[in-house]
Amino acid sequence: MEWADALLFGTPTRYGLPTAQLKQFLDQSGPLWARGKLVNKVASSFTSAATAHGGHETTIVALNNTFYHWGCVIVGPGYADPIQFQAGNPYGASHTSNNGATPPGETELASVEFQARRVTELAAAVKRGLTPA
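Below, the structure is given as structure tokens:
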């Protein structure tokens, strides 16, 4: 993660939280955090859940808690693009799989594409602003 200008993590939701496997990976970031190697990185998150009320928003917010501790610049999609009014989640792209029966559709894919574009654009701007001319 040290070399990355932007961090975009996706995780299925587990009881409204990121998966244990992702949490274990993030928990191993302690040495990077202690050396300040994750400060000012642009970070964002997205999720999927089996059901409509399966914890989409709480999973994203829980994942972002790690980014706060790292000192990241957290970028959500907000309602900064018309697709987000269709997708309905300003915290991050999300998908309801209906227990795996429904693949992501055009709206979900457009939402995550917008979020990824926003993250990369802002990461480039932050990098330009932090790099001596």
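Mapping of the sequence shown onto the numbering used here: position 29 corresponds to residue 25, and the numbering continues sequentially without gaps.
Quick reminder that beta carbons are idealized off the backbone N, C-alpha and C, glycines included.
In this text, all values refer to a predicted model and were calculated from it rather than measured experimentally.
The C-beta of glutamate 104 has 16 or more other C-beta atoms within 10 Å across all chains shown, which makes the residue buried. For the pair of segments examined, the stretch 17 to 35 was found not to touch the stretch 83 to 97: the number of CB pairs separated by less than 8 Å stays below three. Under the criterion of beta carbons closer than 8 Å, leucine 118 and valine 71 qualify as touching, at roughly 5 Å. Under DSSP, leucine 3 takes part in a beta bridge, and its partners are Ala39.
Pairing serine 44 with leucine 3 gives a Cβ-Cβ distance that is not under 9 Å.
Judged by DSSP in its simplified three-state form, valine 71 adopts coil rather than helix or strand.
Rounded to whole angstroms, the separation of the alpha carbons of threonine 9 and threonine 54 is 9 Å.
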